[in-house]
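A.B. asks: Quick one: this structure, given as structure tokens, is what I'll be asking you about.
Protein chains in written order, with this note's numbering: chain A, 1 to 665; chain B, 1001 to 1665.
This is the structure we're talking about:
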């Protein structure tokens, strides 16, 4: 895959050819070689990840805060990418031009799936060996070659971009949904939805327009290659934020939970929004093939696309999530945790696949499936499965995330389709910052008109500062690199991702201190519940963590047992009307239907539906005590803010002091 | 992928073509379509697995014993395969014949990696539309088309066979190694190695020779297509056993642990042996391209290949395992369990990749890596990581195993390269049974000459009966289906796998009862340790299970606290001399070096190496009490025989009674 590998093993390959006597053996050797190169390529990434893991450990051990793990992965990637680039020569792929038989019966306007290639046919092979026998080989379709002169058929130099959408992103996004801080998420739903939906669209539009303006001011060759749709697409792909680094620091420092929920919720949702938005822009482009100007009907169709695909994907994910909840509620599969975990993983992946089969967005489906799995299914799972699924997705997420950041670094040097254009890069940096500002400040102002405790100015600055770009932007940029415009976008996106992750990520602790954002905030806020969950109970909430009989009460939970039924202080009036409505439906209909939660449906449904309610209520729902329900429920909420693993040797007070420690670095 | 899908979506495809106006849009639609078909194909398997999981639950719930989960997966696969086959038409792949340009400068004897295909070039596309513009497309190499007339270019109908070797088998094999019952494995090492190494080779030779004889007696057309090497290859691929079903029943019924260890150990190792053996046969074939006769030097080279590749792969795996043990011993990465688990997974996968890069056998490396990880690294891990890695690989193993058996069922109908030859199939069934008999009975006789408590006759019958064929045979058979001979082998192998898994698997409980093999045997034998582990302690062994502070003592462990330091009754004299030697090296050098186990190296190394020993000993090794060591160690051994999850509602005495329940079915 990598040039150095290709060139190094070409020698082996030639040796293999010399040793063998026939084409068959050479072909076998070639297949073996390709497999070895694939393995070597994977091995390089495995070693890089191992190195990253070990360095992260050293950093955590020595409490280094000026570089976060994702930044580390990027930097290692850059170093190894540079070594690969400058240690070997590129483009060892062999090719031949071919033409179809004139007398073929093929009669479709698209090229065929398979080319049956006759080789060597009329070519003169001037090797000293015996003549190569004529054979027929199958060649499968890969894509169009736009620039035939450039010889840029470097198809093997990197991974297929679709790998990101089908293998790397789904576990990351599912994990985000599965661990969404649901309580504060719903409390700040209004702000989160505004930032994620309106904000991302606004940001895309602003960046797209500004970039189009910038491009027009640039040299003519560049200006000609960008249409307005191109720059709008750039706006859409650079808008989603990925504040991994910031959030890791937040949870370490126990930053205000509302701020945490807003940043996390927004970043999870704006990934989904940006993905669907960029799809809608491409559809618009595809469907009308106009020269870049606006057509009203096309524009409306694109908006329809956006809304339709987003909501249908959401529906698919939510339905599969609810279906899993029903399966785990009404069967006793929880008696066999392995089966239960397998079922959980299979249905969650099924949500992704179903959405893809129906031309929806699998990533969006998997996000909402994750949210439903956490909100409903998680409560039905056995203690073993809860633990297993949580740990499994945590590990997958960790590996996938670090892989993608390593790959961003490596591909900066090895991906053959980069196009460095200083003007475009500078413009990209400036407009992406501006786009983030347009997302946060005006919308916060509008939100503050209706919010009881407004979003304070330093929170707004922090929201602005958390606008790191990450995996989704990169995946969207690398998906299509046919034209020079797209290549320039990829380069700019890669650079923005690298810069924001390394620099902004490293400076996040200082930013928190500089903006005087309160840290070390009581985790006692954590268990303050939404009214809809506590409407029936004033009892103490016992927070359990871990497996069934063996729960561990985390030290920081000890001071959190006082339950505040209707939200105290600033919490009370803050929650959105939307959350109130949703809360009623959720607690009276969905939770009793999909989980073993009380009150049972027989109490909440209107009288004429009671018989149905009786069928859908399990004996466990009737018999269990209020108390055990509370426990299950709060456990489910805890899934979200899994504490950073605290080394056993370190004072449990550390999180409260760490900020000062960081401040001195 | 599947015919029904292909034909169903061809309509969508044509609609898409009609709607669009240019080739670009049609091409985009085609790419989307291919992606949707891929997703649909995966979705079918996901649904099948979900169905299997749910049915397994029902079977476990109702205590059905006449069909095991793998048998179930195969049967579901067969049903869905038949539906796909007969509900749709096949071969919708479009193709064109092409020839290279005569004036190309290409000068290698192998076909190129990429064909740059000019389309439509000189072809007349007689659609009513505007003329299709000439473009160049990239086509990548897929393989040789042997039978050009048959039009059998159904490359998309199934998964790439390499997926089995690179994705499905590694987690299965690693899990087997990670969970190998090490104590009894070492005690029966002699028998296991004899059955696995000598037995598999013998079985392959016998089956190969007999099949060659049978083929010669058959119609001439068939006889001509098989060489002796072909039938020998068949012998090698059909020899490995896969007694999943049998072992699941064994551990449920608590069958004699020595028998369990022999069957499990043999099946794990003979997979590795068969894989390397078949590789050596192919190398032999490749290297000398003779007409099937023997050449002494080639034969010796093949044996050298076999020994070299096997032992080097073993070495790579073991080294990576030990390296991981060192990393986890000398760093404090255990303070962050997520990092630790990630490191564990990455290095284990790294072992596979390194072996593949050096043209060794990754599967063998991963097996021995798993054994070392369990024997050394596991002891250094934090409680959280132990749990996480165990559960992760258990889940991966479950999914991979069920996938492969489902796929065997589906591919019986959908794989285009089956060749049903009744004579070959009948001969295959008979010889594979004979081969198993030749493996077990004569070798048992020889072993019994040297074994103190001999392998009793009913154990031998059970060993014979446990000769189910499974994943490895299928993966080897589907790897190469170029010639008709190979296709007949695939068909026969698939049928043997299906028959043995469904019938023998279902009858295993009855066989146990019929052969009067003692079941419900005390798990108190489980913790009887090899002398080398207990040489320094006569204290009680406390068996802990679970996470760190929260261990659960399983009910069946309660009667196992009496430690028998030197093996009681039949155990004492049985262990092989090999095991004794290995035990000394292991307990005096490897365990103290690679884990925190006592005695430290400072006590076991000769005097002149003591300073080195001091460097390699951790403070924890000096300071920890004997007792905590025992606990860690026995926990590590328990990893192996993870009890079948027992439903919480069922009487813990159940395992002892289940046999009678099964007998009545």
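Cβ atoms here follow ideal geometry from the backbone N, Cα and C, with glycine treated the same way.
(1) When DSSP labels each residue in this structure, what does residue 1417/B get in the three-state scheme?
(2) Whole angstroms is fine: what's the gap from residue 363/A's alpha carbon to residue 316/A's?
(3) Nearest chain B C-beta to residue 394/A closer than 8 Å, yes or no?
(4) Have a look at 1044/B, 1104/B and 1421/B and flag the residue whose alpha-carbon is nearest the alpha-carbon of residue 1486/B.
(5) At a Cβ threshold of 8 Å, is residue 1035/B touching chain A?
(6) Beta-carbon within less than 6 Å of residue 1073/B's beta-carbon, same chain only, minus the 5 sequence neighbours each way: which residues are those?
(7) Does any C-beta atom of chain A lie closer than 8 Å to the C-beta of residue 1060/B?
(8) Is residue 1140/B helix, strand or coil by DSSP?
(9) Looking at the structure shown, is residue 1100/B part of a helix, part of a strand, or coil, going by DSSP?
(10) Determine, using beta carbons only, whether residue 1140/B comes closer than 8 Å to chain A.
(11) Decide if the region 505 to 519 of chain A is in contact with the region 264 to 279 of chain A; the criterion is three or more beta carbon pairs, one per stretch, under 8 Å apart.
(12) Could you round the C-beta distance between residue 1481/B and residue 1468/B to whole angstroms and report it? I think they count as a contact, below 8 Å.
(13) How many angstroms separate the CA atom of residue 40/A from the CA atom of residue 1446/B?
(14) Taking C-beta to C-beta, are residue 232/A and residue 371/A nearer than 8 Å?
(15) Whose C-alpha, out of 448/A, 346/A and 279/A, is nearest the C-alpha of residue 1048/B?
(16) Evaluate residue 1243/B with the Cβ neighbour count: other Cβ atoms within 10 Å of its Cβ, from every protein chain shown; 16 or more gives buried, anything less gives exposed.
(17) What residues in the region 1330 to 1354 of chain B have a beta carbon less than 8 Å from any beta carbon of chain A?
(18) Just to confirm, is the Cβ distance from residue 141/A to residue 1111/B under 8 Å?
(19) For residue 1386/B, I'd like the list of residues in its chain whose CB is within less than 7 Å of its CB, leaving aside the five on either flank, ordered along the chain.
(20) Tell whether a beta-carbon distance below 8 Å holds between residue 1455/B and residue 1196/B.
(21) Please classify residue 1080/B as buried or exposed, where buried requires at least 16 neighbouring CB atoms within 10 angstroms.
(22) Which chain A residues are close to residue 1357/B, counting only those with a beta carbon under 8 Å from its beta carbon?
(23) Confirm, please, whether the CB-CB distance from residue 466/A to residue 677/A is below 8 Å.
(24) So the alpha helix (DSSP H) residue 1116/B belongs to, where does it begin and stop?
(25) When the distance is taken between beta carbons, is residue 1519/B closer than 8 Å to residue 1253/B?
(26) Could I get the ranges of all uninterrupted alpha helix (DSSP H) runs contained in the region 372 to 399 of chain A, with 4 residues as the minimum, in chain order?
(27) Near residue 1399/B, which residues of its chain fall below 8 Å by C-beta distance, leaving aside the five closest residues on each side in sequence?
(28) Below 8 Å, can you find three or more Cβ-Cβ pairs linking the region 422 to 433 of chain A to the region 96 to 115 of chain A?
(29) What in chain A is Cβ-close to residue 1050/B, meaning under 8 Å?
(30) Can you confirm whether residue 1253/B, when its beta carbon is compared against all beta carbons of chain A, has any partner nearer than 8 Å?
(31) Output, in chain order, the set of chain A residues within a Cβ distance shorter than 8 Å of residue 1053/B.
(32) When the Cα atoms are used, what is the spatial distance from residue 1189/B to residue 1365/B?
(33) Go ahead and pull the three-state DSSP assignment for residue 1514/B.
(34) Could you round the C-beta distance between residue 207/A and residue 239/A to whole angstroms and report it? I think they count as a contact, below 8 Å.
(35) Just how far apart, CA to CA, sit residue 1308/B and residue 1228/B?
(36) In whole angstroms, give me the CA-to-CA distance for residue 596/A and residue 324/A.
C.D. replies: According to the structure data:
(1) Along the second chain, one-based indexing puts residue 1417/B at 417. If DSSP states are grouped into helix, strand and coil, residue 1417/B belongs with coil.
(2) Start at 1 with the first residue of the first chain, and residue 363/A comes out as number 363. Start at 1 with the first residue of the first chain, and residue 316/A comes out as number 316. The straight-line gap from Cα to Cα measures roughly 11 Å.
(3) Within the first chain, the letter at position 394 stands for residue 394/A. Interface residue, yes.
(4) Residue mapping note: residue 1486/B aligns to position 486 of the second chain, counting from 1. Taking only the C-alpha atoms, the option nearest residue 1486/B is 1421/B.
(5) Position 35 of the second chain, counted from the start, is the residue given in the question as residue 1035/B. Chain A, which has a Cβ nearer than 8 Å to the Cβ of residue 1035/B, makes this yes.
(6) By 1-based counting over the second chain, the position of residue 1073/B is 73. Once the five neighbours on either side are set aside, the close Cβ partners of residue 1073/B are 1052, 1402, 1405 and 1406.
(7) For the purposes of this step, residue 1060/B is identified with residue 60 of the second chain, where counting begins at 1. Yes, contact with chain A.
(8) By 1-based counting over the second chain, the position of residue 1140/B is 140. Reduced to three states, the DSSP call for residue 1140/B is strand.
(9) Numbered from its first residue, the second chain carries residue 1100/B at position 100. Here residue 1100/B sits in strand by DSSP.
(10) Position 140 of the second chain, counted from the first residue, corresponds to residue 1140/B. Chain A contact via Cβ: present.
(11) no
(12) Taking the second chain and counting its residues from 1, the one referred to as residue 1481/B is at position 481. Taking the second chain and counting its residues from 1, the one referred to as residue 1468/B is at position 468. Between residue 1468/B and residue 1481/B the Cβ distance is about 23 Å, and since that is not below 8 Å, they are no contact.
(13) Working through the first chain from its first residue, we reach residue 40/A at position 40. Working through the second chain from its first residue, we reach residue 1446/B at position 446. So the two alpha carbons sit approximately 44 Å from each other.
(14) Here residue 232/A refers to the residue found at position 232 when the first chain is read from its first residue. Here residue 371/A refers to the residue found at position 371 when the first chain is read from its first residue. In this structure, residue 371/A does not lie closer than 8 Å to residue 232/A by Cβ.
(15) Locating residue 1048/B in the second chain gives position 48, where the first residue counts as 1. The residue with the shortest Cα to Cα distance from residue 1048/B is 346/A.
(16) As a first step, residue 1243/B must be located in the second chain, where it is residue number 243. The residue in question, residue 1243/B, is buried, as its Cβ has 16 or more Cβ neighbours within 10 Å.
(17) 1331, 1332, 1333, 1335, 1336, 1337, 1338, 1339, 1341, 1342, 1343, 1345, 1346, 1347, 1349, 1350, 1353 and 1354
(18) The sequence position of residue 141/A within the first chain is 141, counting from 1. The sequence position of residue 1111/B within the second chain is 111, counting from 1. No; because the gap between Cβ atoms is not below 8 Å, this pair is not in contact.
(19) Taking the first residue of the second chain as 1, we reach residue 1386/B at position 386. Excluding positions up to five away in sequence, the list reads 1378.
(20) Translated into positions along the second chain, residue 1455/B becomes position 455. Translated into positions along the second chain, residue 1196/B becomes position 196. No. Outside cutoff.
(21) Start at 1 with the first residue of the second chain, and residue 1080/B comes out as number 80. Classification of residue 1080/B: buried, given that the 10 Å Cβ count is 16 or more.
(22) Start at 1 with the first residue of the second chain, and residue 1357/B comes out as number 357. Neighbours of residue 1357/B on chain A, chain order: 36, 39, 40 and 43.
(23) It is not possible to answer for residue 677/A, since the shown part of chain A is limited to 1 through 665.
(24) Within the second chain, numbered from 1, the residue matching residue 1116/B stands at position 116. It is not in any alpha helix (DSSP H) - residue 1116/B instead sits in the beta strand (DSSP E) that spans 1114 to 1119.
(25) Taking the second chain and counting its residues from 1, the one referred to as residue 1253/B is at position 253. Taking the second chain and counting its residues from 1, the one referred to as residue 1519/B is at position 519. Against a cut-off of 8 Å, the Cβ pair of residue 1519/B and residue 1253/B comes out as a contact.
(26) none
(27) Locating residue 1399/B in the second chain gives position 399, counting from the first residue. So the qualifying residues of the chain are 1049.
(28) no
(29) What you label residue 1050/B is simply residue 50 of the second chain in a count that begins at 1. Going along chain A in sequence order, the residues near residue 1050/B (Cβ under 8 Å) are 343, 346, 347 and 350.
(30) Sequence index remark: in the second chain, residue 1253/B carries index 253 (1-based). Not an interface residue.
(31) For this step, residue 1053/B is matched to residue 53 along the second chain. Within 8 Å Cβ-Cβ: 333, 339, 342, 343 and 346.
(32) By one-based count along the second chain, residue 1189/B stands at place 189. By one-based count along the second chain, residue 1365/B stands at place 365. Using only the alpha carbons, I get a separation of about 19 Å.
(33) Taking the second chain and counting its residues from 1, the one referred to as residue 1514/B is at position 514. Residue state, collapsed to three classes: helix.
(34) Taking the first residue of the first chain as 1, we reach residue 207/A at position 207. Taking the first residue of the first chain as 1, we reach residue 239/A at position 239. Residue 207/A to residue 239/A, Cβ: 7 Å. Contact.
(35) On the second chain, residue 1308/B is found 308 positions in, with the first residue counted as 1. On the second chain, residue 1228/B is found 228 positions in, with the first residue counted as 1. Between residue 1308/B and residue 1228/B, the C-alpha separation is close to 24 Å.
(36) If you number the first chain from 1, residue 596/A lands on position 596. If you number the first chain from 1, residue 324/A lands on position 324. Between residue 596/A and residue 324/A, the C-alpha separation is close to 14 Å.
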